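Heads up, the thing below is written out as structure tokens.
Protein chains: 2
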Amino acid sequence: MITLYDYLDSGNGYKARLLLSQLAMPYRYVELDILQGAARTPQFLAKNPNGTIPVLELADGRCLPESDAILWYLAEGSAFLPAERFDRAQVLRWLCFEQYSHEPYVATPRFIVRHLPADSPRRAELPQRLTRGRAALQVMERHLATRAFFVAERYSIADIALYAYTHVAPDGGLELEAYPSVRNWLARVAAQPGYVRLLDRPGA
Amino acid sequence: MITLYDYLDSGNGYKARLLLSQLAMPYRYVELDILQGAARTPQFLAKNPNGTIPVLELADGRCLPESDAILWYLAEGSAFLPAERFDRAQVLRWLCFEQYSHEPYVATPRFIVRHLPADSPRRAELPQRLTRGRAALQVMERHLATRAFFVAERYSIADIALYAYTHVAPDGGLELEAYPSVRNWLARVAAQPGYVRLLDRPGA
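Protein chains in written order, with the numbering used here: chain A, 1 to 204; chain B, 1001 to 1204.
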């Protein structure tokens, strides 16, 4: 059986949990208290030298870090990753957009607000991060204005990757009122079969 | 013929140029002066609403942004992307590492030093970015200590993606003396057939 090393409030981990649920694939869930350094132990660094969760461990012990690589690995050959070459590249394009232009500005503010002390100096980062977060949401809004899903008009791991932190963006201070196409798309994702919520504990 | 919209000093664009050269694939090269806003025109935003280069345009006009998506699209079915599922996921894992944990801390300092005025307030970002850049280099050093290339002991787009900004890291203030395995790997990449340099102008 595969094992997912994760932290329940992580949107990056949630990407894997949502897909695993939709694939109806059983897995062992190991929660690490990343705020207490559990992803920085020598034992965990042997699984991922970059010290980040999630990490997917196969039954034979091989480990795969990076949420988007985990999504791709699990989705290959399924309905969640298109078979056509250009469509696959477009899925990857949106995974890259999420990691580079979205996550640091949509997810990180949520982390700062939810998990750091109220007097953390990192609060000073919020205005600039939220400005870029709104730019990322605007790119999504423009794309979704004429589309039901991000790629090839069907639900894919591109939608899963972008849904994970977008649907909880208000937690970090990014309100979604100004992005109606994004909100309609969030509702379509949440209506997919096998949907689970971010804080649904696997196996609970 | 395909077209690459790019900026010559961009390591992200160079990833595509290096692979295109190694695939011996002809292409039209369109250089945009991104420092003067050429990637923010309505015309270019129609190609990539996120306003970033590189963008690959197919002969039929379809456009693909994001350097790693371009690498993947071009490499599918070639020797530069492994056929085995777990190896492919490992390639993607390193592409994600590059975008999230490496590029902002290795490439952005180089951009600040080379392209912003000496009195730019963004110089204040350098110490923190360089600290995280050294952490990224250390992850690479650890991985390469026992390997010739990043995945499956053969040259792939994972190496191309990480080479692009690592080999010019000293431009931004990250010296490579402390990373001998990284330096040996850089030499192996530069010895690959079809290698071109970052500032080699395509078609020149």
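The beta carbon of each residue, even a glycine, is placed where N, CA and C say it ideally should be.
What you are looking at is a predicted structure, and each value in this text was computed from that prediction instead of being measured.
For this session: Report the three-state DSSP secondary structure of residue 1065 of chain B (helix, strand or coil).
Result: Stepping through the second sequence from its first residue, residue 1065 of chain B is reached at position 65. Under the three-state reduction of DSSP output, residue 1065 of chain B falls in the strand class.
Exercise. Is the Cβ of residue 96 of chain A closer than 7 angstroms to any Cβ of chain B?
Worked result: Taking the first sequence and counting its residues from 1, the one referred to as residue 96 of chain A is at position 96. By this cut-off, residue 96 of chain A is an interface position.
Problem set entry | Same chain, Cβ closer than 7 angstroms to residue 1008 of chain B, five either side skipped, listed in chain order | Against the second sequence, residue 1008 of chain B aligns to sequence position 8. Cβ within range, chain order: 1031, 1199 and 1201.
Exercise. How would you write the range of the beta strand (DSSP E) that residue 55 of chain A sits in, first residue to last?
Worked result: If you number the first sequence from 1, residue 55 of chain A lands on position 55. Residues 55-57.
Exercise. From residue 51 of chain A to residue 1016 of chain B, what does the alpha carbon distance come to, in whole angstroms?
Worked result: By one-based count along the first sequence, residue 51 of chain A stands at place 51. By one-based count along the second sequence, residue 1016 of chain B stands at place 16. If you take the alpha carbons of residue 51 of chain A and residue 1016 of chain B, they lie about 29 angstroms apart.
Exercise. Along chain A, in chain order, which residues have C-beta atoms closer than 8 angstroms to that of residue 1086 of chain B?
Worked result: Within the second sequence, the letter at position 86 stands for residue 1086 of chain B. Result: 58, 62, 64 and 73.
Exercise. So what's residue 1168 of chain B in DSSP terms, helix, strand or just coil?
Worked result: One-based indexing of the second sequence puts residue 1168 of chain B at position 168. In the structure shown, residue 1168 of chain B sits in coil (DSSP, three-state: anything other than H, G, I, E or B).
For this session: Please work out which residues of its chain come closer than 8 angstroms, Cβ to Cβ, to residue 1088 of chain B, disregarding the five sequence neighbours upstream and downstream, and give them in chain order.
Result: The sequence position of residue 1088 of chain B within the second sequence is 88, counting from 1. Answer for residue 1088 of chain B: 1081 and 1082, listed in chain order.
Problem set entry | the segment 154-164 of chain A contacting the segment 173-192 of chain A, beta-carbon criterion three pairs below 8 angstroms | Yes, the segment 154-164 of chain A touches the segment 173-192 of chain A.
Problem set entry | Distance CB(residue 1069 of chain B)-CB(residue 92 of chain A) smaller than 7 angstroms | Position 69 of the second sequence, counted from the first residue, corresponds to residue 1069 of chain B. Position 92 of the first sequence, counted from the first residue, corresponds to residue 92 of chain A. Less than 7 angstroms separates the beta-carbon of residue 1069 of chain B from that of residue 92 of chain A.
Problem set entry | Euclidean distance between Cα positions of residue 76 of chain A and residue 157 of chain A | Taking the first sequence and counting its residues from 1, one reaches residue 76 of chain A at position 76. Taking the first sequence and counting its residues from 1, one reaches residue 157 of chain A at position 157. One C-alpha to the other measures close to 10 angstroms.
Exercise. For a contact meaning CB atoms closer than 8 angstroms, what does residue 1196 of chain B contact in chain A?
Worked result: The residue given as residue 1196 of chain B occupies position 196 in the second sequence. For residue 1196 of chain B, none of the residues of chain A pass the 8 angstroms Cβ criterion, the least Cβ distance being about 22 angstroms.
Exercise. Which same chain residues, not among the five before or five after residue 186 of chain A, have their C-beta less than 7 angstroms away from its C-beta?
Worked result: For the purposes of this step, residue 186 of chain A is taken as residue 186 along the first sequence, with counting starting at 1. Same-chain partners within the cutoff: 163, 166 and 167.
Problem set entry | CB contact below 7 angstroms: residue 1049 of chain B versus chain A | Working through the second sequence from its first residue, we reach residue 1049 of chain B at position 49. It does: the Cβ of residue 1049 of chain B has a partner Cβ on chain A nearer than 7 angstroms.
Exercise. Under a CB-based cut-off of 7 angstroms, is residue 6 of chain A close to chain B?
Worked result: Reading the first sequence from its first residue, position 6 is the one you call residue 6 of chain A. Output row for residue 6 of chain A: interface = no.
Problem set entry | Best match in A:64, A:135, A:59 and A:18 for proximity to residue 155 of chain A [C-alpha to C-alpha] | Numbered from 1 along the first sequence, position 155 holds the residue referred to as residue 155 of chain A. The shortest Cα separation from residue 155 of chain A among A:64, A:135, A:59 and A:18 belongs to A:18.
Exercise. In chain B, which residues lie with their C-beta within 7 angstroms of the C-beta of residue 142 of chain A?
Worked result: The residue given as residue 142 of chain A occupies position 142 in the first sequence. The contacting residues are 1049.
Exercise. Run through DSSP, which three-state label would residue 1155 of chain B get?
Worked result: The count along the second sequence starts at 1 and reaches residue 1155 of chain B at position 155. In this structure, residue 1155 of chain B counts as coil in the three-state DSSP scheme.
For this session: Measure the C-alpha to C-alpha separation of residue 1128 of chain B and residue 1122 of chain B and round it to an integer number of angstroms.
Result: Your numbering for residue 1128 of chain B matches position 128 in the second sequence. Your numbering for residue 1122 of chain B matches position 122 in the second sequence. Whole-angstrom Cα-Cα distance: 11 angstroms.
For this session: Measure from the C-beta of residue 1139 of chain B to each C-beta in chain A and report whether the shortest distance is under 7 angstroms.
Result: Stepping through the second sequence from its first residue, residue 1139 of chain B is reached at position 139. Residue contact with chain A for residue 1139 of chain B: present (Cβ-Cβ distance below 7 angstroms to some residue of chain A).
Exercise. Which value, in whole angstroms, describes the spacing of the CA atoms of residue 145 of chain A and residue 1074 of chain B?
Worked result: Along the first sequence, one-based indexing puts residue 145 of chain A at 145. Along the second sequence, one-based indexing puts residue 1074 of chain B at 74. So the two alpha carbons sit approximately 29 angstroms from each other.
Exercise. Curious, which full-length beta strand (DSSP E) runs of at least 3 residues does the segment 1060-1120 of chain B contain?
Worked result: Listed in chain order, the complete beta strand (DSSP E) runs (minimum 3 residues) inside the segment 1060-1120 of chain B are 1063-1065.
Exercise. Residue 90 of chain A versus chain B: which residues are under 8 angstroms apart at the beta carbon?
Worked result: Position 90 of the first sequence, counted from the start, is the residue given in the question as residue 90 of chain A. The contacting residues are 1064 and 1069.
For this session: Locate the beta strand (DSSP E) running through residue 14 of chain A, then write down its first and last residues.
Result: On the first sequence, residue 14 of chain A is found 14 positions in, with the first residue counted as 1. Run containing residue 14 of chain A: none in the beta strand (DSSP E); it sits in the alpha helix (DSSP H), 11-22.
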